[in-house]
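Number of protein chains: 2
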Amino acid sequence: MGKEKRRTTQQDIARMTGVSQATVSMVLNNRDDGEIRIPQETRDRVLAAIQSTGYVANPIARSLISQDNRIFGVFTYESVFPSEDLDFYHPFLAGIERRAEQLGYDLVLFTSSPVVDGGRKIFHAGSRLRLADGCVVLGRRVDRAELARLVAEGFPFVSVGRRDDVAAGPVAAVGADYVSAVAELVRRTGGLGHRTVAFVGEGAGPESSADRWAGFAAGVADAGVRSVRLRAKGRDAGEVLDSLVEHGATAMFVEDPDDTAALVEECGRRGVRIPEDVSLVELGGSPPRTARATPDFTGFRIPREEMGAQAVDLLARILGGDRGPRTRLLPCRIVAGATLAAPRSTP
Amino acid sequence: MGKEKRRTTQQDIARMTGVSQATVSMVLNNRDDGEIRIPQETRDRVLAAIQSTGYVANPIARSLISQDNRIFGVFTYESVFPSEDLDFYHPFLAGIERRAEQLGYDLVLFTSSPVVDGGRKIFHAGSRLRLADGCVVLGRRVDRAELARLVAEGFPFVSVGRRDDVAAGPVAAVGADYVSAVAELVRRTGGLGHRTVAFVGEGAGPESSADRWAGFAAGVADAGVRSVRLRAKGRDAGEVLDSLVEHGATAMFVEDPDDTAALVEECGRRGVRIPEDVSLVELGGSPPRTARATPDFTGFRIPREEMGAQAVDLLARILGGDRGPRTRLLPCRIVAGATLAAPRSTP
DNA sequence: CTTCTTAGATAATAGCTATTATCAGTCGAC
DNA sequence: GTCGACTGATAATAGCTATTATCTAAGAAG
Numbered sequence: 060m061g062k063e064k065r066r067t068t069q070q071d072i073a074r075m076t077g078v079s080q081a082t083v084s085m086v087l088n089n090r091d092d093g094e095i096r097i098p099q100e101t102r103d104r105v106l107a108a109i110q111s112t113g114y115v116a117n118p119i120a121r122s123l124i125s126q127d128n129r130i131f132g133v134f135t136y137e138s139v140f141p142s143e144d145l146d147f148y149h150p151f152l153a154g155i156e157r158r159a160e161q162l163g164y165d166l167v168l169f170t171s172s173p174v175v176d177g178g179r180k181i182f183h184a185g186s187r188l189r190l191a192d193g194c195v196v197l198g199r200r201v202d203r204a205e206l207a208r209l210v211a212e213g214f215p216f217v218s219v220g221r222r223d224d225v226a227a228g229p230v231a232a233v234g235a236d237y238v239s240a241v242a243e244l245v246r247r248t249g250g251l252g253h254r255t256v257a258f259v260g261e262g263a264g265p266e267s268s269a270d271r272w273a274g275f276a277a278g279v280a281d282a283g284v285r286s287v288r289l290r291a292k293g294r295d296a297g298e299v300l301d302s303l304v305e306h307g308a309t310a311m312f313v314e315d316p317d318d319t320a321a322l323v324e325e326c327g328r329r330g331v332r333i334p335e336d337v338s339l340v341e342l343g344g345s346p347p348r349t350a351r352a353t354p355d356f357t358g359f360r361i362p363r364e365e366m367g368a369q370a371v372d373l374l375a376r377i378l379g380g381d382r383g384p385r386t387r388l389l390p391c392r393i394v395a396g397a398t399l400a401a402p403r404s405t406p
Numbered sequence: 060m061g062k063e064k065r066r067t068t069q070q071d072i073a074r075m076t077g078v079s080q081a082t083v084s085m086v087l088n089n090r091d092d093g094e095i096r097i098p099q100e101t102r103d104r105v106l107a108a109i110q111s112t113g114y115v116a117n118p119i120a121r122s123l124i125s126q127d128n129r130i131f132g133v134f135t136y137e138s139v140f141p142s143e144d145l146d147f148y149h150p151f152l153a154g155i156e157r158r159a160e161q162l163g164y165d166l167v168l169f170t171s172s173p174v175v176d177g178g179r180k181i182f183h184a185g186s187r188l189r190l191a192d193g194c195v196v197l198g199r200r201v202d203r204a205e206l207a208r209l210v211a212e213g214f215p216f217v218s219v220g221r222r223d224d225v226a227a228g229p230v231a232a233v234g235a236d237y238v239s240a241v242a243e244l245v246r247r248t249g250g251l252g253h254r255t256v257a258f259v260g261e262g263a264g265p266e267s268s269a270d271r272w273a274g275f276a277a278g279v280a281d282a283g284v285r286s287v288r289l290r291a292k293g294r295d296a297g298e299v300l301d302s303l304v305e306h307g308a309t310a311m312f313v314e315d316p317d318d319t320a321a322l323v324e325e326c327g328r329r330g331v332r333i334p335e336d337v338s339l340v341e342l343g344g345s346p347p348r349t350a351r352a353t354p355d356f357t358g359f360r361i362p363r364e365e366m367g368a369q370a371v372d373l374l375a376r377i378l379g380g381d382r383g384p385r386t387r388l389l390p391c392r393i394v395a396g397a398t399l400a401a402p403r404s405t406p
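The structure is reproduced here in structure tokens:
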């Protein structure tokens, strides 16, 4: 039992100086309002004692009073640091950290949350969520029910990525504007002379997938081209390529990076050159994960770091009582790349 | 002003149920000791109210009483997430996170600490260090004075990497055993027939550098070979190689990865083959940072993740009052690699 | 009927800080 | 000498939970 010597408290300082605890508190906080009057001599005496003891106010007691903690929580459904997930989380966290630093908030990672079938749970007996003034929720898989409960309990939070409405109302969220990005890419493709373009993927289900499809559809309408949707799930790249040819499509927009890799490989096997014979637009939104040589894909970049920063920003505003819009949609950067070119036979 | 509706408190639950706040607290904590008696009927009533409101005890008030917070601080002298520093911090953090998760601690990152000429400061007016029960200190540049103050104030902390003594006594720390690793590499080199080996670098200054030199010296003694130390600071790779040849050394142990890269390049220019003409042992301790093709260097790996985990572990023990050893030195893994081989002309 | 025991609960308090209300002087003015 | 105004401080309290000491009523034992 270490029997740690009790921390110094304001009471201690007060006794040392022969003043009251209240006085110490006021000196500490530089209170000098109309009502509060402390002569410099007393101030100096107290400050000297503070200096000599190295006293620092107990932030926990402060929080209990002020009802805020200057801490933002970062809740992730998976561990943050393991390598597999790092590529995903890292840019968000970089932005979160940067802005928290600017705003003077500390960050708490809720690593103590119990893991229930593969994902952490926000709510559980002894949840320490309230340590934070507010929370940024982050993750590939975000639990709608938990978000709904956050809303119901009035706990301030901002979701990064997921922005669909939950039962109790719209969720404060920062998202990426997939729709515009994909639409723009389709328009460029049409502008290069392609007359039929293919969407490879589901285009439904997760919000982000539905958005990509929506953007694709919008771009197709704008560009006045024909379009076809090719399912990739459960089919190998060969089948997909066959369908592509069959439909006469000259450009493919691929949702899933895994499919992209498979298609590139299959093209290589068949001697189909990209972009000379077929164009490929990659809709993953991330830089390539592997260091292996991959084509310089045409596509877009999700502004992950900026999303993290804006999430913190938004959270701070909400805590400040700001009643402005609670959803921010950030533009994605278009990557010109080298896998999109004019089709071989322009009509 | 949001006029956030006040959080539910035990007092609220008490009023709803017609019991006292104390009873609510006891039900909540499942108190059932000899002195505490609460019939099941009452218990159920209270629990029902807790369920319906979703009440969770305010962790801040709890902390104020229990004098602990179930939070470990992670103090870094630089931002954690920016890409430049990520390679360095990430493995440590992965280990810290993993073990904190296992032990049920949350982690707080002191992002609010003010930055003074390039590095964050632990101590400052309004330091929120005490939010944490203890702290892991991490960083390339660790401030001795601040560590000393942590010791003086009796704040529990564990330093990762830096383990030298500070004024007030030995610092709890987790380090990597560079000495053994480098010594072993030198012995292997001697075992392959090398008679003269060179240490390229300072071998002094930062603890880790001094350790590498100590290990080199120990290995040289064990292996019974001759050794030479070549400064690299301010000299270009050509000069260093010239010295090497001049001294008749057939293997070089290079401290700094930048020097390694320069030497490899210079060897390439001169047509000196590695390891056929000269062996190279890389003492950086990290996997290569760039994705560019680099030789598969012989060297060792600092067990960064394990260091992070053990730091948390040690911190938990210290908080538990454990009086055991406060310094842990973890073995490095030797990487056989492909840049060490027998010298061309074995005597 | 009195006293003791016990079950079942509550009042009071600690933990530390910030704020509000209050108090003891002093000085001036009348 | 009294009243008011002002200075320089302090006592008390809120904030929320966990624990300790205390209290009431009922039943048992004598």
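Chain order of the listed sequences is Y and D.
For the first sequence, this note's numbering gives the first residue as 60, with consecutive numbering after it.
For the second sequence, this note's numbering gives the first residue as 60, with consecutive numbering after it.
Virtual Cβ for every residue (Gly too), placed ideally from N, Cα, C.
Q: Report yes or no: do the segment 149 to 169 of chain D and the segment 365 to 372 of chain D share at least 3 C-beta pairs separated by less than 8 Å?
A: In this structure the segment 149 to 169 of chain D lies against the segment 365 to 372 of chain D, because at least three pairs of beta carbons, one per stretch, are closer than 8 Å.
Q. Which bits of chain Y does alanine 120 (chain D) rub up against, with CB to CB less than 8 Å?
A. Contact of alanine 120 (chain D) with chain Y by beta-carbon distance below 8 Å involves Leu123.
Q) Can you list, in chain order, the residues of its chain whose CB lies under 6 Å from that of valine 289 (chain Y), leaving out five sequence neighbours each side? A) One detail in the question is off: residue 289 (chain Y) reads as leucine in this sequence, not valine. The residues are Ala257, Val259, Val299 and Ser302.
Q | Coarse secondary structure for valine 238 (chain Y), derived from DSSP in three states | A | helix
Q) Within 9 Å (strictly less), CB to CB, does arginine 129 (chain Y) reach chain D? A) yes
Q: Rank D:Ser142, D:Gly193 and D:His253 by C-alpha distance to the C-alpha of arginine 129 (chain D) and give the top, closest one.
A: D:Gly193
Q: Please list, in chain order, all residues of the same chain as isoleucine 361 (chain D) whose beta carbon is under 7 Å from its beta carbon, the five residues on each side excluded.
A: Listed in chain order, the non-local C-beta contacts of isoleucine 361 (chain D) below 7 Å within the same chain comprise Ala235, Gly344, Ser345 and Cys391, local neighbours out to five positions each way being set aside.
Q: Please go through the same chain and pick out, in chain order, the residues whose beta-carbon is closer than 7 Å to the beta-carbon of tyrosine 114 (chain Y), but skip the five residues on each side of it.
A: Closer than 7 Å at Cβ, skipping near neighbours: Thr67 and Ile72.
Q | Backbone secondary structure at methionine 60 (chain Y) - three-state DSSP | A | Unreliable positioning characterises methionine 60 (chain Y) in this predicted model, as indicated by a pLDDT of 34, which lies under 50. A coordinate reading is not provided.
Q) In angstroms, rounded to a whole number, what distance separates the CA positions of threonine 353 (chain Y) and arginine 387 (chain Y)? A) 33 Å
Q | Unbroken stretches of the beta strand (DSSP E), 3 residues or longer, contained in the segment 250 to 274 of chain Y | A | 255 to 259
Q: Tell me whether valine 175 (chain D) is buried or exposed, calling it buried when 16 or more other Cβ atoms sit within 10 Å of its Cβ.
A: exposed
Q | Selection from Y:Ala400, Y:Ala375, Y:Thr101 and Y:Arg254 that minimises the alpha carbon distance to phenylalanine 131 (chain Y) | A | Y:Ala375
Q.
I want to know whether the segment 97 to 113 of chain Y touches the segment 300 to 319 of chain Y - three or more CB-CB distances under 8 Å.
A. Too few Cβ pairs lie closer than 8 Å, so no.
Q | As assigned by DSSP and simplified to three states, the class of leucine 399 (chain D) | A | coil
(Q) Using DSSP's beta-bridge definition, name the partner residues of arginine 387 (chain Y). (A) DSSP lists Y:Val233 as partners of arginine 387 (chain Y).
(Q) Please classify asparagine 117 (chain D) as buried or exposed, where buried requires at least 16 neighbouring CB atoms within 10 angstroms. (A) buried
**Q.** Per-residue burial, isoleucine 181 (chain D) [other beta carbons within 10 Å of its own, 16 or more giving buried]
**A.** buried
Q. Anyone know if the C-beta pair for threonine 398 (chain D) and phenylalanine 359 (chain D) falls short of 9 Å?
A. No, they are not a contact pair.
Q. Any C-beta of chain D sitting closer than 9 Å to the C-beta of arginine 66 (chain Y)?
A. yes
Q | Per DSSP, the bridge partner or partners of cysteine 194 (chain Y) | A | Y:Gly132 and Y:Phe216
Q: Give the residues of chain Y in contact with tyrosine 136 (chain D), contact being defined as C-beta atoms less than 8 Å apart.
A: What tyrosine 136 (chain D) touches in chain Y: nothing, since even the nearest Cβ is about 13 Å away.
Q. Count the other CB atoms within 10 Å of the CB of threonine 334 (chain D); is the residue buried (16 or more) or exposed (fewer)?
A. Note on identity: in this sequence residue 334 (chain D) is proline, with threonine being the wrong assignment. Label assigned to proline 334 (chain D): buried.
Q) Taking just the CA atoms, how far does serine 172 (chain Y) sit from proline 402 (chain Y)? A) 53 Å
Q) Residues of chain Y with CB under 8 Å from valine 167 (chain D), in chain order? A) Ile130, Asp165, Leu166, Val167 and Leu168
Q: Taking only beta-carbon positions, decide if arginine 332 (chain D) is within less than 9 Å of chain Y.
A: no
**Q.** Contacting positions in the segment 374 to 391 of chain Y - beta carbon closer than 7 Å to chain D
**A.** Residues of the segment 374 to 391 of chain Y with a Cβ closer than 7 Å to any Cβ of chain D, in chain order: Gly380.
Q. Apart from the five residues just before and just after alanine 310 (chain D), which ones in its own chain have a Cβ nearer than 6 Å to its Cβ?
A. Taken in chain order, the residues that qualify are Thr248, His253, Val256 and Ser338.
**Q.** Helix, strand or coil at glutamate 137 (chain D) according to DSSP, with G and I counted as helix
**A.** coil
Q. Taking C-alpha atoms, which residue in D:Asp92, D:Glu94 and D:Leu106 lies nearest to valine 78 (chain D)?
A. D:Leu106
Q) Can you tell me whether DSSP reads arginine 90 (chain Y) as helix, strand or coil? A) coil
**Q.** Test: serine 345 (chain Y) CB closer than 9 Å to a CB of chain D
**A.** No, because no Cβ of chain D sits closer than 9 Å to the Cβ of serine 345 (chain Y).
Q) For serine 84 (chain D), which three-state DSSP category applies? A) helix
Q) Skipping 5 residues on each side, what residues in its chain have a beta carbon closer than 6 Å to that of proline 316 (chain Y)? A) Gly343
Q.
By the three-class DSSP mapping on this structure, what secondary structure does valine 284 (chain Y) have?
A. coil
Q) According to a CB-to-CB cut-off of less than 7 Å, which residues of the segment 175 to 187 of chain D neighbour chain Y? A) Ser186 and Arg187
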